[in-house]
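Going by the working numbering, the sequence shown opens with residue 52, and the numbers climb by one from there.
From the three backbone atoms N, C-alpha and C, an ideal C-beta is built for every residue, glycine too.
What follows is a set of notes on a single structure, which appears directly below.
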Amino acid sequence: MNTRVNAVLAAKDDALLKDAWRAGLNLGAPTLLGIAAWGMVVGVAMVKSGLTVAQAGAMTLFVFAGSAQLASLPLLAAQAPVWVIFATALVVNLRFVIFSVLLAPHFSHLPWRQRFGLGYVAGDITVGLFLQRYPHETPDPAKLPFLKGLIYPNWLAWQIGSFIGIVLGAVVPAEWGLGFAGTLAILCVTVPLILSRAALCGVLVAGAVAVLAYGLPYKLGLLVAVVVGMVSAMAVEELTEKWTKRHV
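Structure, rendered in structure tokens:
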């Protein structure tokens with residue numbers, strides 16, 4: 052009798068976990084086409100920047116961070132020192148530290164290897180969607196399958212799009228001008244994010260510094276521009292909050 056009851060309970064638990072996985076998949080499904088398109092653009096940009104098909108494939112598999120990949124491409128093309136490339140990618144990806152801090156309380160009970168794997172596969176959109184569904188840290192066995200339903204299809208869509216882009220970049224003639232795709236992609240991602248004075252200030256300052264610091268050795272201009280732009284945006288946001296509090 053107990054065995055039968057346990058089997059029924061186990062079946063119900065399994066069904067609930069599968070439902071949570073499908074819920075994550077359904078929530079993230081509308082974003083998959085855009086993720087694949089973004090990956091395809093990055094794939095084309097990697098090959099047109101001088102990487103071989105093998106190098107581009109390895110980069111998209113191991114790095115899995117479109118913004119960092121695009122930021123590193125001009126540095127790779129200019130043969131900048133490795134430490135400059137890594138530092139630039141680190142600065143661009145600092146937001147993932149925040150994502151990790153937000154996710155950590157939900158999955159602190161998992162082994163570190165599993166948390167490491169989840170951190171690698173998680174992305175901007177998937178973390179945002181997860182936190183919308185589970186804003187509180189209350190334990191819930193459905194959280195893990197729900198997150199997996201978000202992040203695994205997202206990762207697969209990115210990889211498929213990236214490898215299609217890599218192949219296209221390798222076979223499409225240079226005369227078609229696909230090498231400009233990376234720059235267009237950055238603009239398409241950046242412009243919609245300029246929603247505040249702080250963001251606008253950060254973009255303008257970073258652009259100005261990038262031009263002024265173009266001649267720095269080791270191609271440090273981009274790294275300096277990113278850091279100064281971030282600091283400027285944070286300073287403007289802080290000043291805006293203080294001004295608002297004083298005048299409310």
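About 5 Å separates the CB atoms of Phe-181 and Leu-198; that is less than 8 Å, so the two are in contact. Per DSSP, Val-114 lies in no alpha helix (DSSP H) segment and is marked neither H nor E. Straight across, the Cα-Cα distance linking Lys-99 with Gly-220 is about 6 Å.
When the Cα atoms are used, Leu-141 and Ala-119 turn out to be separated by approximately 8 Å. DSSP places Ala-259 inside the alpha helix (DSSP H), whose first and last residues are 248 to 263.
Contact between Leu-121 and Ala-96 is confirmed by a C-beta separation of about 6 Å, below the 8 Å threshold. The beta carbons of Ser-123 and Thr-103 sit about 15 Å from each other, so the pair does not count as a contact at 8 Å. Contact annotation, Gly-212 with Gly-94: C-beta distance approximately 7 Å; criterion of less than 8 Å satisfied.
For the pair of segments examined, the region 166 to 186 was found to touch the region 198 to 208: the number of CB pairs separated by less than 8 Å reaches three.
Counted as a single uninterrupted DSSP element, the alpha helix (DSSP H) harbouring His-157 occupies residues 146 to 158.
With respect to the C-alpha of Phe-214, the residue from Ser-151, Trp-294, Trp-134 and Gly-90 having the closest C-alpha is Gly-90. With respect to the 8 Å criterion, Leu-201 and Thr-177 are classified as neighbours on the basis of their beta carbons.
Rounded to whole angstroms, the Cβ separation of Leu-274 and Val-114 is 17 Å, and the two are not in contact under 8 Å.
Cβ-Cβ distances below 7 Å link Gly-216 to Gly-90, Met-91, Val-92, Val-93, Gly-94 and Val-95 in the same chain, with the five nearest sequence neighbours on each side left out; the list follows chain order. In this model, His-187 and Lys-270 are separated by some 43 Å (Cα to Cα).
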